[in-house]
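Report on the following structure.
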Amino acid sequence: MSKELSRHEIREKALQALFPLDFNQELTKKDAINHALSLDQAEWVSEEEDSFVPKYLDELVDGVLNHKPELDQIIQKHLRSNWSIQRITKMDLIILRLGIYEMIYNQNVPDRVVLNEAIELAKTFSDDQSRKFVNGILSNVMKEINEAGENS
């Protein structure tokens, strides 16, 4: 059995690990990742809860957790004036955090790929309205990042 996950599958697992971490303050990152991996890769998690954790999965979960206030600030900046971050569904919020984290902190993945991946996550884990919302916010963030890069 190969333990190789695609980047798309890793993003799905990161989303599945980050979601419960947003609600349960007592949950550890390791437990959340192990749970996400065991959802459909149960053979990867032994009875001692030791699992194979792809490096990129650990990096995404760690990065989003460590930069959450900054990521939320960027999201809030791109919301309409009558919206607050508290109005965003948790799933959409986590998809946005994940996408913005990758755009800012991972230079190995083109922003357009990150945007498309976030839209795919929204299609899978949310609804059509969410897909459009995620696309709109991340497109604006991507445009801002590109403009900042051109001006520096």
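Numbering follows full-length UniProt numbering, with no gaps: position 143 of the sequence shown is 143.
Even for Gly, the Cβ is constructed at its ideal location relative to N, Cα and C.
- Per DSSP, the unbroken alpha helix (DSSP H) holding Pro20 starts and ends at 7–23.
- Buried is the label assigned to Gly99, since at least 16 other Cβ atoms lie within 10 Å of its Cβ.
- In the three-state reduction of the DSSP assignment, Thr89 falls in the coil class, being assigned neither a helical nor a strand state.
- Taking C-beta atoms under 8 Å as the contact rule, Ile33 and Leu57 qualify, at a distance of about 6 Å.
- The region 94–126 is shown to contain whole alpha helix (DSSP H) runs of 4 or more residues at 111–125, in chain order.
- If you check the CB distance, Leu115 and Ile95 do not come in under 9 Å.
- Under the three-state reduction of DSSP, Leu138 is assigned to helix.
- In this structure, Arg131 places its C-beta atom within 9 Å of the C-beta atom of Lys123.
- Distance from the CA atom of Ile145 to the CA atom of Ser139, rounded to whole angstroms, is 10 Å.
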